[in-house]
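Student:
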Ligand SMILES: [Cu+2]
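Structural data, given as structure tokens:
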């Protein structure tokens, strides 16, 4: 009976380990709850100043964690008000105060994360 119990613990540990590996599997961009919080607080400044919408083609995102990493990184930039990112569509839409942040800075921040970013021309 004791053996069986031990095996149960072992199996549980193994499954948890596999799940944890899967979760952390996407490079260094593992998600934590503080990232979501950071993205949400950014919208508080949304009403201040002029707003420009910058659309970007972003290549290299492979999962949800990539979206979160991108959002968190861009939200840190002064002048960035809102960030939407989709790894499925390989794009990001960033609302900025054009007096505070340039498109080049957004591209640079995304590039630093290891993705390829290109501003989509607006017509
Ligand atoms: Cu990812």
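Residue numbers (the working numbering): 492 to 614.
Heads up, the beta-carbon is just placed ideally off N, CA and C, and yes, glycines get one too.
Here's a check: name, in chain order, each residue in its chain whose Cβ is nearer than 6 Å to the Cβ of residue 533, leaving out the five neighbours to either side.
Tutor: If you number the chain shown from 1, residue 533 lands on position 42. Reliability of the predicted coordinates at residue 533 is poor, the pLDDT of 49 falling under 50, and no value is obtained from them.
Student: Of the choices 585, 551 and 584, whose alpha-carbon is the least far from that of residue 604?
Tutor: Working through the chain shown from its first residue, we reach residue 604 at position 113. Nearest of 585, 551 and 584 to residue 604, Cα basis: 551.
Student: Check whether the Cβ of residue 577 sits closer than 7 Å to any heavy atom of ligand 1, and report yes or no.
Tutor: Position 86 of the chain shown holds residue 577. For ligand 1, not one heavy atom lies less than 7 Å from the Cβ of residue 577.
Student: If I'm right that residue 549 touches residue 582 with Cβ under 8 Å, what's the distance once you round it to whole angstroms?
Tutor: Residue mapping note: residue 549 aligns to position 58 of the chain shown, counting from 1. Residue mapping note: residue 582 aligns to position 91 of the chain shown, counting from 1. Confirmed, Cβ separation roughly 6 Å.
Student: Measuring straight from C-alpha to C-alpha, what distance separates residue 557 and residue 544?
Tutor: For this step, residue 557 is matched to residue 66 along the chain shown. For this step, residue 544 is matched to residue 53 along the chain shown. Answer to the nearest angstrom: the Cα atoms are 21 Å apart.
Student: List the whole-angstrom C-beta distance separating residue 574 from residue 585, where the pair is believed to meet the contact cut-off of C-beta under 8 Å.
Tutor: Against the chain shown, residue 574 aligns to sequence position 83. Against the chain shown, residue 585 aligns to sequence position 94. With a Cβ gap of about 5 Å, residue 574 and residue 585 count as contacting.
Student: I'd like to confirm the pairing. Which residues does DSSP put opposite residue 577 in its beta bridges?
Tutor: On the chain shown, position 86 is the one that residue 577 refers to. For residue 577, which the question treats as bridged, DSSP gives the partners 582.
Student: Heavy atom of ligand 1 less than 7 Å from the Cβ of residue 564, yes or no?
Tutor: Residue mapping note: residue 564 aligns to position 73 of the chain shown, counting from 1. It does not: the Cβ of residue 564 is nowhere closer than 7 Å to a heavy atom of ligand 1.
Student: Could you have a look at residue 565 and say whether DSSP puts it in helix, strand or coil?
Tutor: Indexing the chain shown from 1 puts residue 565 at position 74. Here residue 565 sits in helix by DSSP.
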